[in-house]
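Numbering (full-length UniProt numbering), first residue to last: 1 to 180. Note that beta-carbon positions come from the ideal geometry of N, C-alpha and C, so glycine has one too. Predicted model only: the values in this text are computed from it and were never measured.
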């Protein structure tokens, strides 16, 4: 009877070992599959992150270009406002490098600090400023009617104030009869 129990225990132990071995292999396969999936997920997440970073970098580059354009327009407008205010550089005659000294008289010679190239303040005569290039814009109408250096309307527009604020202070109605 003892041999029968030993052989039955060995049989049960072999069955248990087979089940444990099968479960260990299944868990090992699942772990490998999870690692591969995790690696794919990590790669996908990394790709999405890099794509987002590229988009943000493109947005920053576009914003930087826009800032540079605005700074250039601001410099151009400052130069024009100085010319409008009657700076001496705008009223002084220019001596071009191509002009020979024999054709100019001694009384018409420019001061020694005059440059040989035209000043930027005279460039507005040939090329209108950006706000005057498109007559449909609201700011261009205000700038065309009065000089920008002394126009309160142009200053209000530049500061972002609405032109109807004066009507509101005076208590007038708007054009279409609505009350303020």
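Close CB contacts of residue 51 within its chain, under the 7 Å cut and outside five residues either way in sequence, are absent. Taken through DSSP and simplified to helix, strand or coil, residue 86 comes out as coil. With a 10 Å radius around the Cβ and a threshold of 16 neighbouring Cβ atoms, residue 14 comes out exposed.
The C-alpha of residue 44 is placed about 18 Å away from the C-alpha of residue 32. Across the structure, residue 62 and residue 41 are spaced so that their CA atoms are roughly 32 Å apart.
Between the C-alpha atoms of residue 65 and residue 74 there is a straight-line separation of about 14 Å.
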